[in-house]
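Our numbering puts the sequence shown at residues 56 to 339.
Structure first, commentary second.
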Amino acid sequence: MEVVIGKFAGFCPGVSYAVRKANQSVMENKTIYCLGELVHNQQVVNKLKAKGMITVEDIEQVPDGATILFRSHGVAQAIYERAKEKNLKIIDLTCGRVRAVQKKVEKEKEKAFIIILGKKNHPEVIGEKGFAGENSFVIETQKDMLDAYQEYKKTNFEKVYVVAQTTFSNNNFDELVKQIKKSFTGADIIVDKTICEATENRQKEMQEMAEVFHTMIIIGGKNSANTKALVEIAKQKCKNVYHIQTAEDLKNIDFTGIETVGIMAGASTPREIILSVKNRLICH
Ligand code: SF4
56 MEVVIGKFAG FCPGVSYAVR KANQSVMENK TIYCLGELVH NQQVVNKLKA
106 KGMITVEDIE QVPDGATILF RSHGVAQAIY ERAKEKNLKI IDLTCGRVRA
156 VQKKVEKEKE KAFIIILGKK NHPEVIGEKG FAGENSFVIE TQKDMLDAYQ
206 EYKKTNFEKV YVVAQTTFSN NNFDELVKQI KKSFTGADII VDKTICEATE
256 NRQKEMQEMA EVFHTMIIIG GKNSANTKAL VEIAKQKCKN VYHIQTAEDL
306 KNIDFTGIET VGIMAGASTP REIILSVKNR LICH
């Protein structure tokens, strides 16, 4: 059986930096509080936990004066302010590309109604919405279009500024932008495709691989937005797509007679997990 790993499978530069810095920081500081899971990968999180990292869901759970780590997804402006009030030492690992989106919406919020295309409950989007202020709306699917338009009509803005979650699906982005242009009649619509290059490359490669491999194995957390986007893309071209988290999950798949398998992995999947999946497939 031929098994090929995608060139862009696994850690993106933002996650890679965050994991490296988090490991370094946890060695230098006795205890670090991480606001939300550092990455959507249980193995990585567990290793850091063993070294002294405590994951909390709310900044109020962090003792005053402690060290807090902001992960690559970034946080809302209000969280920076609260951290300051609590006299926390901040290790800010917000990815530079996410930070750029935060800055753009912060700059535009006085001049435009801001639309963020992304998953409403995703931490990156929650953070960006925080910077975009109250005259903003998150569109996740076409169903949100009418609500977004009604919110826009409550404002006096002519301009609509559209950005995206950095890991949003390229195809969904293009489709939703088409709908916005149809629905927001009379508005001056500025589209800023803030999907990150690492995501675009991975999604493009995913599409190419799905066209040629009999079976696609996609590795990543079940709650990882970028992995789910990869699964959606793969299913459009390939009939045999499996979303797994570790090599262990392969035991539920029947590979009898399969000649070609492609492996792709989301941005939070470490190299060692990708290689263990490949090895398990080869030994099959
Ligand atoms: S996907 Fe892109 S924007 Fe998001 S953390 Fe990775 S490099 Fe940064």
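We put the CB at the ideal spot given by N, CA and C, even for glycine.
Keep in mind that this is a model prediction, so the values were computed, not measured.
Alpha carbon to alpha carbon, how far is residue i from residue j?
i	j	result
K85	Q79	11 angstroms
E327	C67	15 angstroms
R154	E266	34 angstroms
E314	N142	58 angstroms
I114	A131	12 angstroms
K292	I87	43 angstroms
L330	N96	15 angstroms
F228	M261	17 angstroms
K306	I146	40 angstroms
K294	M271	9 angstroms
K106	I123	15 angstroms
I60	K175	31 angstroms
C251	G151	10 angstroms
Q258	P178	21 angstroms
With respect to 7 angstroms, is the separation between the Cβ of residue i and the closest non-hydrogen atom of the ligand SF4 below this value?
i	result
V180	no
R152	yes
P325	no
T282	no
G321	no
C251	yes
S127	yes
V70	yes
T210	no
C343	Here the chain comprises residues numbered 56 to 339, so residue 343 is not present and cannot be evaluated.
T222	yes
R254	As written in the sequence, residue 254 is Thr, which differs from the Arg given in the question. Yes, the ligand SF4 has a heavy atom inside 7 angstroms of this Cβ.
Can you list, in chain order, the residues of its chain whose CB lies under 6 angstroms from that of residue i, leaving out five sequence neighbours each side?
i	result
V70	V94, S127, A322 and S323
A242	V215
S224	A284
Y207	F168
E213	D243
Would a check of beta-carbon distances place residue i closer than 8 angstroms to chain C?
i	result
T324	No chain C is present in this structure, which holds just one protein chain.
Leaving out the 5 sequence neighbours to the left and right, which residues in its chain are closer than 7 angstroms to residue i when beta-carbon positions are compared?
i	result
N286	First, the residue type needs correcting, since residue 286 is Val and not Asn in the sequence shown. Result list for V286: I273, V296 and H298, in chain order.
K166	K214
Do residue i and residue j have their CB atoms nearer than 8 angstroms?
i	j	result
I171	V215	no
A289	R335	no
L231	I194	yes
I318	V111	no
V246	V156	no
T249	T221	yes
T240	N281	no
V99	V74	yes
L103	V81	yes
P325	G91	no
G188	G129	no
Q300	K333	no
F63	N226	no
E161	F186	yes
Reducing DSSP to helix, strand and coil, say where residue i ends up.
i	result
F228	helix
E57	strand
S191	strand
I110	Looking at the sequence provided, one finds Thr at residue 110 rather than Ile. Looking at T110 - three-state DSSP - the assignment turns out to be strand.
V130	coil
L103	helix
F186	helix
A242	coil
T282	helix
V117	coil
Y317	Reading the sequence as shown, one finds Gly at residue 317 and not Tyr. Strand at G317.
N295	strand
V218	strand
I329	helix
K209	coil
T301	coil
D247	coil
L93	coil
By Cβ distance below 8 angstroms, which residues in the same chain neighbour residue i in space, the five residues on each side in sequence not counted?
i	result
T210	F168 and N190
M56	F310, I313, E314, T315, V316, L336, I337 and H339
Q234	Q197 and M200
C89	A77, L103, M108, I109, T110, V111, I123, L124 and R126
What I want to know is whether the C-beta of residue i ends up closer than 7 angstroms to one or more non-hydrogen atoms of the ligand ZN.
i	result
N176	Looking for the ligand ZN in the displayed structure turns up nothing; the ligands present are the ligand SF4.
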